[in-house]
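Protein chains in written order, with full-length UniProt numbering: chain A, 1 to 409; chain B, 1 to 409; chain C, 1 to 409; chain D, 1 to 409.
Right under this line is the structure:
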């Protein structure tokens, strides 16, 4: 353990990572650099400086990464209409690669040879942090205290704090939550506590970012999103940066009770876990992006994306953002978005995101062909006969040879 | 045209297929057999007998196919969590193969050598009817009047009616709808009229099966669905047949404003079209099936299903229900459902279908492993290190050879 | 038929397209522009000028497209290790989009409003020509004489020639072949004649480009191919252009009896057909490209390519080169090839292409890790335990709940 | 280490597993049960009894599993035309699940609580053994000596043998091979030695099962394989069991220099390795199975299989034979094979497997439709126009809106 000289720690300023900061210094007898990022989690990051200093840290990084996060991670992911296992919008997964990247960049800047994080040995986040770190700096060492130490209960942790003068009220943001939570501009997640029983309904006072549909306004609200190359660039005609877009959509979505999710998911490490998520802005973006694509994307381009989406989601969920396969998929996805431009009009009401209209200069909807009225020859209905006949040919030949599709075997 | 002797016509009893029944007799100088099915469209089918007789039809088939429809078509499709283009629940698509099958079976019973239908040359339904027919009876002839005749405007159609004594008030179900509609137990669809402008919002009075979320009750309602092998067999503890299940879910869903959809979709014949759909029960079933699978299905089984779902949906949408590829996919899907048993508790409220709980004797959720509390050694966190190290190995080797995942090119 | 003013015809100079050139002028009363390309089919294209002039053609295009063909079509396709239905190297399919593109470009230059070709109504080539043409010039008209005229037998064709002074010896290249053939720098194909019986073995004297393995030299020959970004840029240390590469590999491959193929394939129009192909250079390139990728490509990048290859092959086979989905797939494929650099050494012997070695500065093969000898700690075997344990976790949980993988149902 | 009572060891009778047998007894102070299987590796298994007895083993299992191996593992795999990374026929991978299954069954019979094997911590085989074991007996313990002990060099191993009276000449089968080898009825593999340099050509005297193409007979040989439901049931008209089929094809293939392979592959544990393989019978079976499928399998069924094959191969390669996803894929594959019946005629010559003919009562090849001659109306060429027009519609609409497929971006 003596060969590690300097460690960059993903430091939230909370109790756990404060203990880690101390534990690493003590256990590895090495320097610790803290890195605290504002990813939109809704807590002040500035106080992390004083806390880190109190722990004896000399090199302290505190950064606002909200724009980078949304622009280079969230938006590219939404171009693919990405959902994991049919439900989850990957709010935690998509933040990890950015943190991993900054940990490594800071390690390179500060001459550190190791990184550390506060993720447990049961979850996906350890994988995401470490895969990213190894991919970016292959020789880096990783300290994952939760897999190493013996502070395996809250009591031992408290005893350690007392012993090392770590102020325990660090973590008070109102009452102590019974849930394990993670938040960033895309979502907030809840695990543990009563959620460990998948039959138990989440309690109303758990949710933090959204009102319940019942408590949402009785009046619907319309918003209009403007897309360029698959990304939202303006809302209701007002230009916004990526982080502004997501911030705004979180507000308006949360106000209307949009984006709550309660699922059982399959972790990469092999177990099922139950999680609740609030993703107001993301829920709006997913539906709106599909709507603008429905008008502007070629059918086979759209279907190709749909067929590859589950894989792309899995790649991100499992922590392979910094992998060749993700980059290849991204090239393909981005190539499809050149013409995904235009406006989507949405109605928000008590948990519902309702598409009320979509329009685009790049629309492939051809009213003159699609119409039920006279199309003046734009489409020759007789073409359909040959189309069907030849598409049926293989089926007709098979049937004429005695095969019945009523039964395969 | 003289070589056709007898035609089985998919006959709704409405104006269009009545004209077709007459037109075929006149044009092809052949017998017509009518086939009218109750698929849950919500209209009486019995009157079709008198109408058909008035048109001179001798062989008249009227059948209640609701149970077969849900049991053998809707339920198998929902086992795959099937959605076309991320949104559409395939309500029309899934009914066509059953009609095609009955048309052919009746043709075989009655010695008919042709079938006919009232679908236009622009849509998907002609393809679905005819692919099914050819796959089941390869030498069958198809009469598709809308691709053949010159009754291309409402005026010409009316003139034809007058000329042939076809009562025009056939089609009065209250006011004449400006929309082209199709209904069965799974959904009702709307196309045409003002919907031809994708920017225009659907009018409230278009919708027929559901109230708007705004008009839905202010009190949420909980229901509990019981699954066996991926299908719902009971609701709130009461055993129900497949058609009873869907009927009940349509009622309760419609009451709570659930299942409205407004999309632009890509037709198989190559054009985009805009459609609105009401699928109250289907919307509930999709979410509930995912919930019960989330607890009972292995991760890789679930991901394999997710990766193949878009293809399976496309196969159904395009009309290839009666094809070897659909049967192969179905074998795979059904094989996965043996353990998809248990209960899902849902909260329905103003358009929202909220999963409130799921439980199963076949649950793969292992609380003793997943817990954030002490797991008594059920899971060794140290295993994660090796897991990550080896999963990272290819990335580390690449990085050590100078490759940067920050940029592929 | 009178509204067509000028047609660009894909003109081989052979009998069939000469008849077509005349038939179009006569039938449509319009001008014909001929386009003859050297794609490496091994016949002189220059004589096409005099032949076209004799048919009264005023605008005659004769072009050497060999470099463009290999560089922009063959090489990109081989980057994906493309094979259709496990066997076919797509020799005909890949030439059609280039011809379609030139037909349309010439139509634009000459003010033509239509294109024409000599492909029959049963095959894939009509589809490939016309899809390409429509994608590049949506309003273009297409004249496909084989689908239109009544010259449906050889006798009628000969009578037409006599009647219109078209010299029939046009087509004598030695004896009249009983096969329908197509050739370009990638391959030569044979269909029809005795090949219509899939049980009949092709006759030795059918093959034109290669000797039989039996007749090939008794001495093997080694060659060394140098790759840059997935394409061959030198052979045995000598820099070559793309067309030079393929020309050389055809020669050396044909000499060693390499690249004969005899298959039954599934046409896009719905029937099975039996074809024989000679693809000496392509057969070498396929194996060599896999060899250089095996050393330089990341595992998951390679597997992603492998999973998408069948679709990419189908897209090309079916004629969708000029489609968004092909372009998206190409982006992904090309993105993977940046590091596919290095040398492959091959042994050619009597039909065999044997990989004798591969090396690369971009190699990901790490001998220090892979070695069976002492690896000095490069790889910690203990990591494997955690790797296996967590990969097995879902299986262990399932088994502990009583599920047996010995039987799914 | 004291909590293990009895271990079932996969015992080859060779030096390494003899050392392991002793080492386990000594280290874990527990009973060892040996299991030795004849999978067609070409060595006597009977001598394993005496060797095991000499090591103090009381419970000794020696079994001939050749028929089960080919019938339940090799044949099902070949129904999918399975190849890993475009080249490898999975000869080692497919034997492991059978061994894992027997290890567990014997553990259950003998009351053992652990299994052990002689695979190293760098390879795929440890994963395949252990995943299978955990899937079949979730609480089983695994002893993997190569990951645990300190006998990490040949010298230490020899010292251990001397110290424990283990006869070292156990392993003399002629000279000591410089290669790490594995053999069963499907193949023999070579790794290590000079093969660790991917640029070095394998030496001729390494190969054991096949002559070189150069040394093969100058006369080709024809054989005829008869298929039922995708499996070979007779050769040259003679009924054979699965193991007889493969034994015969290995002989005739090896005689003709067929089935040598030299590749660099990607291991599941994350490294590239170079291996040489001899798979004479498998190479013949792969080509022949594609040939019979080409005649009898529907196009879309075949393409669906092709698209999923890489995943199926990966599942087997990575060791997930006993997983729900493999079973699901197998259901789908097997469902497609009901009509894969008929004969394939092959010509074997100096390394080449040449398809000379295929025929079947279940043939979907329709000569009356495919013919270049007059088809008497079996196929209406005019149908092709509508087919192309509608398939082109989306491309034409896009082009008419100004999109050019010449450039995506």
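We put the beta carbon where it would ideally sit given N, CA and C, even for glycine.
Distance check between residue 401 of chain B and each of C/279, C/245, C/365, C/105 places C/365 closest, using alpha-carbon atoms only. For residue 145 of chain C, the number of other beta carbons within 10 angstroms of its own is at least 16, and it is reported as buried. Following the DSSP letters along the chain, one finds residue 95 of chain A in no beta strand (DSSP E), marked with neither H nor E. Residue 223 of chain A places its beta carbon 8 Å or farther from that of residue 264 of chain A. Contact annotation: residue 96 of chain A and residue 319 of chain A have beta-carbon atoms nearer than 8 Å. In this structure, the straight-line span from the alpha carbon of residue 76 of chain A to that of residue 93 of chain B is close to 33 Å.
For residue 385 of chain D, the neighbours in chain A by C-beta distance under 8 Å run, in chain order, 383, 386. DSSP lists D/63 as the bridge partner or partners of residue 37 of chain D. No Cβ-Cβ contact shorter than 8 Å links residue 78 of chain B with residue 39 of chain B. Contacts between residue 325 of chain D and chain B, judged by CB atoms closer than 7 Å, involve 300, 301, 304 in chain order.
CA-to-CA, the gap between residue 51 of chain C and residue 199 of chain B works out to about 57 Å. Using a Cβ distance threshold of 8 Å, residue 210 of chain A and residue 260 of chain A count as a contacting pair. Pairing residue 37 of chain D with residue 65 of chain D gives a Cβ-Cβ distance under 8 Å. Looking at the DSSP output, residue 394 of chain D shares a beta bridge with no other residue. Interface with chain D (8 Å Cβ-Cβ cutoff): residue 127 of chain C is included. Fully enclosed beta strand (DSSP E) runs of no fewer than 3 residues occupy 272-278 of the stretch 270-315 of chain C, in order along the chain. Residue 294 of chain A counts as buried, since no fewer than 16 other beta carbons sit within 10 angstroms of its beta carbon. Considering only D/234, D/132, D/376, D/275, the residue with the shortest C-alpha distance to residue 202 of chain D is D/275. According to the DSSP assignment, residue 157 of chain C belongs to the alpha helix (DSSP H) that extends over 154-163.
Residue-level contact by beta carbon holds for residue 332 of chain A and chain C, with a gap shorter than 8 Å. Only those residues of the stretch 331-361 of chain B whose C-beta falls short of 7 Å from the nearest C-beta of chain D are listed: 331, 332, 335, 336.
The bridge partners DSSP lists for residue 51 of chain B come to none. Within the stretch 242-275 of chain B, the residues whose Cβ lies closer than 7 Å to some Cβ of chain D are 269, 270, 271, listed in chain order. The Cβ atoms of residue 329 of chain B and residue 247 of chain B lie no closer than 8 Å to each other. The stretch 79-91 of chain C and the stretch 323-339 of chain C touch, with three or more beta-carbon pairs separated by less than 8 Å. Residue environment for residue 126 of chain D: buried (at least 16 other C-beta atoms within 10 angstroms of its C-beta). Distance from the CA atom of residue 281 of chain B to the CA atom of residue 349 of chain B, rounded to whole angstroms, is 14 Å. Within 7 Å of the CB of residue 369 of chain B, the CB atoms of chain A belong to 271, in sequence order along the chain. The stretch 110-129 of chain B makes no contact with the stretch 112-126 of chain A; the number of CB pairs closer than 8 Å stays below 3.
Ranked by how close their Cα comes to the Cα of residue 254 of chain B, the residues B/270, B/212, B/220, B/266 have B/212 in first place. Of the residues assessed, residue 257 of chain C falls on the buried side of the cut-off, its CB having 16 or more other CB atoms within 10 angstroms. In this structure residue 10 of chain B is not in contact with residue 390 of chain C, their Cβ atoms being roughly 55 Å apart against a cut-off of 8 Å. With a cutoff of 8 Å on beta-carbon distance, residue 34 of chain B and residue 46 of chain B are scored as not near each other. Boundaries of the alpha helix (DSSP H) around residue 369 of chain D: 367-370. The three-state reading of DSSP puts residue 404 of chain A in coil, since its state is none of H, G, I, E or B.
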